[in-house]
Amino acid sequence: MIKVQGLTKRYARTVAVDNISFEVEKGQIVGFLGPNGAGKTTTMRVLTCFLPPTTGTASVAGFDVLENPHEVKKRIGYLPETPPLYPEMEVTEYLTFVGKLKGINGGDIHRRVAEVTERCAISDVRTKLIGKLSKGYRQRVGLAQAIIHNPDVLVLDEPTAGLDPKQIIETRELIKHLAGDHTIILSTHILPEVEHSCQRVVIINQGKLVATDSVENLTNRLRGSESIALEVAPSDGPLDETVVRQRLEQVSGVSRVLSRESRDGRLAFEVESLSGHHIRADLARAVVNAGWNLNELHAVGLSLEEIFLQLTATENKGAAAQA
Amino acid sequence: MKNIWTICRKELKSYFASPIAYLLIAFFALIFGFGFFTATRDFVRFGFMSEMQGMNRPMDVNEQVIRPLLGFASTVALFLIPLITMRLFAEEKKTGTIELLMTSPVRDWEIILGKWLGALLLYGCVLATSAINIALLFAFGKPDWKPILVGYLGLILQGGTLLAIGAFISTLTKNQIIAGGVTFFVCLLLWLLSWFTAFGNTGSTQVVNYLSIVTHFEGFAKGVIDTRDVIYYLSMIFFGLFITARSMESLRWRA
Chain A
0 MIKVQGLTKR YARTVAVDNI SFEVEKGQIV GFLGPNGAGK TTTMRVLTCF
50 LPPTTGTASV AGFDVLENPH EVKKRIGYLP ETPPLYPEME VTEYLTFVGK
100 LKGINGGDIH RRVAEVTERC AISDVRTKLI GKLSKGYRQR VGLAQAIIHN
150 PDVLVLDEPT AGLDPKQIIE TRELIKHLAG DHTIILSTHI LPEVEHSCQR
200 VVIINQGKLV ATDSVENLTN RLRGSESIAL EVAPSDGPLD ETVVRQRLEQ
250 VSGVSRVLSR ESRDGRLAFE VESLSGHHIR ADLARAVVNA GWNLNELHAV
300 GLSLEEIFLQ LTATENKGAA AQA
Chain B
0 MKNIWTICRK ELKSYFASPI AYLLIAFFAL IFGFGFFTAT RDFVRFGFMS
50 EMQGMNRPMD VNEQVIRPLL GFASTVALFL IPLITMRLFA EEKKTGTIEL
100 LMTSPVRDWE IILGKWLGAL LLYGCVLATS AINIALLFAF GKPDWKPILV
150 GYLGLILQGG TLLAIGAFIS TLTKNQIIAG GVTFFVCLLL WLLSWFTAFG
200 NTGSTQVVNY LSIVTHFEGF AKGVIDTRDV IYYLSMIFFG LFITARSMES
250 LRWRA
């Protein structure tokens, strides 16, 4: 659905986007991650035909952004970081205007406006002036204008920025519902959001592509080793932490044992394995054979935040080394 | 075509949703009304005086009242244009809505035409208040309506040109005040040029005089549709909208 190849965008002296390539299949939700100034917004602006690329190509639904921008624009719904709203218009008036701009016919327009008003939960403020709406409502009106013409692709730049937690959850649910029917690219700083909503992640730093993969694969790739969370409970007599720790460290394949917060006499640990070793079964056996109760045992994945920091940190180191 | 009209309607609604449209109309109505009052009063006085002195020259309402009034209207309008055009693009750039327009399946020239048309229609509404005054003349006399219509045509063409230039200036900045100020100075310059070069004989003054907005209006004020003047205005309008289009395009490269 979306194909970006060797995309570069240069302004006078700065390179905002440097040779980025990625693909998005139909119906996927892709998260665009990167620190501020990484080039996310610029890439989105190229995809929505607002900016032309300096070199490289980008295409949406088979239409190139340079050769056929008109067709691309028909198929994209775009919500920029600041929703493009006219404060002097009423919500319905605004949505009708955008709908007409996007090419919805006169007969369908009222029906569509009603539908998206319903979908984005802005029915209460239908007749209010946009200038008087709160941030949360404005964001929703922005989302409504992005989906009003039922585009194939949705490009959302920080869709939950500035919303309160309840609104964030609602927006995320809405986005999840929209996937499948629509292909979605959303950029965000909020990493848990990507973990929850997105199937794939594209990580950008300083204009360069750092990683693109499914969230699962990325986690596996970065963590050659496992990290197991373990809670040991006493069966007869209180536990001695040093004893338990020693026993765990003796299990083959363990690289180190870290203590975690202990509750009510139960001891919690995080055990890291050496690269390539699977230690869960051995750990379980070790605890049980020593006569203790195994309360909890589960794998701890590398959080996306850690992945992100790790990837962007290595990039920075690399860049610093080159400089 | 539909898109042009959609944008034109939205522009008009925006104008009338803010005080600006009403202020412009009221302001113009006031000033023109005063001018009208003065012109007709002097006309009547002159008429009485010449009658008392036994001179029975035929007095022509058209020539002595309406033509100078139209000229007066065109000068006043000159200074109202910046107030109309300043927010055309500057506001959109500032609030980011220009991104909405430029990423929708609407062509750049459709956006420009729609906005310019909206501005022109507002300008027309402002001028319409003067028509009320002129209509009164028909109640008390028998002026010739054809030259009046031609005069208004001239006003609209002249206004259209300046609006196109104002639209271009509006694309250059995010700040409405700057856009308005620069447009004002440009209009002022164009107005003054006609004064300074009206009687020039050298080649350069003749060229500058030709370029002046005001000189070409004189024909229309007399009730004469000179194709040279029409061509001048139409080409200037086209030129103004053309550079506006180029400026809009360059926005994509500057962002």
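Which chain is which? The protein sequence lines are A and B, in order.
In terms of numbering that gives the first Met the number 0, the first sequence opens at residue 0 and continues consecutively.
In terms of numbering that gives the first Met the number 0, the second sequence opens at residue 0 and continues consecutively.
Idealized CB from N, CA, C, for every residue including glycine.
Along the chain, where does the alpha helix (DSSP H) that runs through residue i open and close?
{"i": "Y77 of chain A", "result": "First-last for Y77 of chain A: I75 to L78, but that is the beta strand (DSSP E), not the alpha helix (DSSP H)."}
{"i": "A25 of chain B", "result": "P18 to M51"}
{"i": "R255 of chain A", "result": "Taken as a continuous stretch (DSSP letters only), R255 of chain A belongs to no alpha helix (DSSP H), being part of the beta strand (DSSP E) at V253 to R262."}
{"i": "H297 of chain A", "result": "H297 of chain A -> not in any alpha helix (DSSP H); beta strand (DSSP E) instead, spanning N292 to A298."}
{"i": "L69 of chain B", "result": "R66 to T84"}
{"i": "D107 of chain B", "result": "D107 to F139"}
{"i": "V228 of chain B", "result": "It should be pointed out that residue 228 of chain B corresponds to Asp in this sequence rather than to Val. Per DSSP, D228 of chain B belongs to the alpha helix (DSSP H) from T226 to R253."}
{"i": "V97 of chain A", "result": "V90 to L100"}
{"i": "P82 of chain A", "result": "Segment: none, P82 of chain A is in no alpha helix (DSSP H) and carries neither H nor E."}
{"i": "D281 of chain A", "result": "R279 to N288"}
{"i": "G218 of chain B", "result": "F216 to K221"}
{"i": "A324 of chain A", "result": "The structure shown does not extend to residue 324 of chain A, since chain A is modelled only from 0 through 322, so no value can be given for it."}
{"i": "I147 of chain A", "result": "That residue, I147 of chain A, is in no alpha helix (DSSP H); it is neither H nor E in DSSP."}
{"i": "E91 of chain B", "result": "A89 to T94"}
{"i": "V249 of chain A", "result": "For the record, residue 249 of chain A in the displayed sequence is Gln; it is not Val. Per DSSP, Q249 of chain A belongs to the alpha helix (DSSP H) from E240 to Q249."}
Taking all protein chains shown into account, decide if residue i is buried (16 or more other Cβ within 10 angstroms of its Cβ) or exposed.
{"i": "T211 of chain A", "result": "buried"}
{"i": "A320 of chain A", "result": "Bear in mind that a pLDDT of 42 at A320 of chain A, under 50, signals an unreliable position, so the model cannot answer this."}
{"i": "G317 of chain A", "result": "Annotation note: pLDDT 44 at G317 of chain A (below 50); position unreliable, coordinate value reported separately. Exposed, because fewer than 16 other Cβ atoms sit within 10 Å of the Cβ of G317 of chain A."}
{"i": "W291 of chain A", "result": "buried"}
{"i": "T159 of chain A", "result": "buried"}
{"i": "A322 of chain A", "result": "Confidence is the limiting factor: at A322 of chain A the pLDDT is only 40, short of 50, which leaves the residue's position unreliable, though a coordinate-based value still follows. Exposed."}
{"i": "Y93 of chain A", "result": "buried"}
{"i": "P346 of chain A", "result": "Here chain A covers residues 0 to 322 and nothing more, so residue 346 of chain A does not appear."}
{"i": "S196 of chain A", "result": "buried"}
{"i": "F35 of chain B", "result": "buried"}
{"i": "Y77 of chain A", "result": "buried"}
{"i": "I224 of chain B", "result": "exposed"}
{"i": "H215 of chain B", "result": "buried"}
{"i": "V112 of chain A", "result": "buried"}
{"i": "E10 of chain B", "result": "buried"}
{"i": "E50 of chain B", "result": "exposed"}
{"i": "N315 of chain A", "result": "With a pLDDT of only 48 at N315 of chain A, under the threshold of 50, the placement of this residue in the model should not be trusted; the figure read from the coordinates follows. Result: exposed."}
{"i": "W115 of chain B", "result": "buried"}
{"i": "L257 of chain A", "result": "exposed"}
{"i": "Q245 of chain A", "result": "exposed"}
{"i": "E157 of chain A", "result": "buried"}
{"i": "T47 of chain A", "result": "buried"}
{"i": "H69 of chain A", "result": "exposed"}
{"i": "D228 of chain B", "result": "buried"}
{"i": "L205 of chain B", "result": "In the sequence as presented, Leu is not what sits at residue 205 of chain B; that position holds Gln. The residue in question, Q205 of chain B, is exposed, as its Cβ has fewer than 16 Cβ neighbours within 10 Å."}
Pull up the DSSP beta-bridge partners for residue i, would you.
{"i": "K8 of chain A", "result": "A:V16"}
{"i": "A228 of chain A", "result": "A:E269 and A:H297"}
{"i": "L308 of chain A", "result": "Bridge partners of L308 of chain A: none, in fact."}
{"i": "V23 of chain A", "result": "A:I1"}
{"i": "F62 of chain A", "result": "A:V59"}
{"i": "S213 of chain A", "result": "A:R199"}
{"i": "K207 of chain A", "result": "A:N204"}
{"i": "T47 of chain A", "result": "Bridge partners of T47 of chain A: none, in fact."}
{"i": "T54 of chain A", "result": "A:T7"}
Specify, as a first and last residue, the run of the beta strand (DSSP E) that residue i falls within.
{"i": "V269 of chain A", "result": "A small fix is needed here, since residue 269 of chain A is Glu in this sequence, not Val. Its beta strand (DSSP E) spans residues R265 to S272."}
{"i": "I203 of chain A", "result": "R199 to N204"}
{"i": "I28 of chain A", "result": "I28 to L32"}
{"i": "L153 of chain A", "result": "V152 to D156"}
List the whole-angstrom C-beta distance separating residue i from residue j, where the pair is believed to meet the contact cut-off of C-beta under 8 Å.
{"i": "L132 of chain A", "j": "N2 of chain B", "result": "Wrong, their Cβ atoms sit about 27 Å apart, outside the cutoff."}
{"i": "I19 of chain B", "j": "L69 of chain B", "result": "With 8 Å as the limit, I19 of chain B and L69 of chain B do not qualify as a contact, their Cβ atoms being about 24 Å apart."}
{"i": "G150 of chain B", "j": "F219 of chain B", "result": "6 Å"}
{"i": "E269 of chain A", "j": "A228 of chain A", "result": "5 Å"}
{"i": "V231 of chain A", "j": "V243 of chain A", "result": "6 Å"}
{"i": "A163 of chain B", "j": "T74 of chain B", "result": "A163 of chain B to T74 of chain B, Cβ: 19 Å. No contact."}
{"i": "F238 of chain B", "j": "S169 of chain B", "result": "16 Å between Cβ atoms; not a contact."}
{"i": "T182 of chain B", "j": "I80 of chain B", "result": "7 Å"}
{"i": "K25 of chain A", "j": "T182 of chain A", "result": "6 Å"}
{"i": "K72 of chain A", "j": "S103 of chain B", "result": "6 Å"}
Kindly provide the ranges of any alpha helix (DSSP H) runs that are 4 or more residues long and lie completely inside the segment 160-194 of chain A, ordered along the chain.
164-177
So within the segment 103-133 of chain A, which uninterrupted beta strand (DSSP E) runs reach at least 3 residues, ignoring any that extend past its ends?
none
Threshold first: 4 residues or longer. Then list the alpha helix (DSSP H) segments lying entirely within the segment 137-207 of chain B, N to C.
144-169 and 175-196
Within 9 Å of chain C by C-beta, residues of the segment 155-189 of chain A in sequence order:
The structure shown has no chain C; the protein chains it does contain are A and B.
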